[in-house]
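Worksheet: the structure to be examined is printed underneath.
In UniProt numbering, the protein residues as written are 1 to 293.
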């Protein structure tokens with residue numbers, strides 16, 4: 001009887017020990033799961049931070065690119081502003097537009113290096129006007145009375161007629177047939193002129209498109225038109241003159257070095273209007289006429 005009680009007591013102790021061991025094992029398993037979960041959370045958090053940093057870096061790059069583009073835009077604007085902040089003639093043309101409205105005028109002064117002392121005076125209205133271009137000792141206001149004392153180096157005129165036929169007739173155009181049978185003069189690889197002489201005068205003439213061109217020299221003054229004609233033909237390849245509606249006429253004169261007569265003339269018809277630019281220098285006349293807009 002006593003022996004049976006001891007056996008029962010031993011069995012009870014074994015059950016208690018087994019229960020305690022199982023309980024510790026479960027706690028250790030839960031702890032391992034907790035550590036694994038914590039590790040996953042930690043890795044997940046780093047990944048999220050890296051993604052966030054990448055997003056921030058990308059955002060920062062976008063902002064930097066946006067700032068660069070903005071800076072580039074500002075630079076372009078500044079450059080554009082500088083390119084349009086005008087020369088003296090553009091400033092005066094803007095003032096003319098405020099007074100006469102939208103009228104055709106040269107946008108180039110025709111001077112080799114431009115002039116800060118370019119002065120302009122004019123008379124007339126939108127349909128009929130005359131502009132006088134001069135260089136003074138100082139820049140004066142448009143139409144300042146003192147400009148009348150300055151000698152113009154160029155003039156630009158517009159005259160409006162009742163009909164287009166009257167406007168066309170006002171242009172001293174020479175037909176191609178006028179040069180038929182005259183001696184040929186090679187001016188460049190593309191242009192051939194025709195020479196005419198008589199009464200102490202010498203002429204070289206040719207036609208290009210709707211333009212007739214005549215260069216005049218004088219035997220008496222020993223002014224040969226060929227050199228000037230060659231120069232003119234080459235300049236016409238460099239500068240594009242306005243296209244006449246029907247007729248345009250160019251008349252150049254070979255001067256002695258002391259002659260500053262304003263008789264280098266370019267005239268063309270545009271509808272009812274005839275435009276005439278005159279200058280003391282051929283290069284100036286061509287450059288100014290080519291800039292009319």
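Here a beta-carbon is modelled for each residue, glycine too, at the ideal position from N, C-alpha and C.
Run of the alpha helix (DSSP H) containing residue i, from where it starts to where it stops
i: residue 286; result: 282–290
i: residue 97; result: 88–100
i: residue 164; result: 164–169
Start-to-end residues for the beta strand (DSSP E) that takes in residue i
i: residue 277; result: 273–279
i: residue 130; result: 129–135
i: residue 295; result: Any property of residue 295 remains undetermined from this structure, which presents the chain solely from 1 to 293.
i: residue 185; result: 184–186
i: residue 270; result: 264–270
i: residue 173; result: Unbroken run through residue 173: none, as it is neither H nor E.
i: residue 124; result: 118–124
i: residue 180; result: Premise fails: residue 180 is in no beta strand (DSSP E) and is neither H nor E.
i: residue 154; result: 154–160
Sub-8 Å separation of residue i and residue j beta-carbons
i: residue 171; j: residue 129; result: no
i: residue 92; j: residue 140; result: no
i: residue 291; j: residue 107; result: yes
i: residue 284; j: residue 110; result: yes
i: residue 277; j: residue 169; result: no
i: residue 254; j: residue 200; result: no
i: residue 184; j: residue 192; result: yes
i: residue 287; j: residue 247; result: no
i: residue 118; j: residue 133; result: yes
i: residue 230; j: residue 202; result: no
i: residue 303; j: residue 249; result: Because the chain in this structure spans residues 1 to 293, residue 303 falls outside the shown range and cannot be described.
i: residue 196; j: residue 182; result: yes
i: residue 243; j: residue 282; result: no
i: residue 215; j: residue 252; result: yes
Secondary structure of residue i, DSSP reduced to three states
i: residue 148; result: helix
i: residue 103; result: coil
i: residue 110; result: coil
i: residue 140; result: coil
i: residue 22; result: Unreliable positioning characterises residue 22 in this predicted model, as indicated by a pLDDT of 41, which lies under 50. The coordinate reading is nonetheless provided below. Residue state, collapsed to three classes: helix.
i: residue 293; result: coil
Checklist line | Residue ranges of each alpha helix (DSSP H) within the segment 201–258, 4 or longer | finding: 225–238
Margin query: Three Cβ pairs or more, each shorter than 8 Å: is that satisfied between the segment 155–164 and the segment 207–226?
Written below: These segments do not touch.
Note to self: With three or more C-beta pairs closer than 8 Å as the rule, is the segment 174–192 touching the segment 145–155?
What the structure shows: no
Next item on the list: Inspect the CB distances between the segment 222–236 and the segment 269–276 and report whether three or more fall short of 8 Å.
Entry: no
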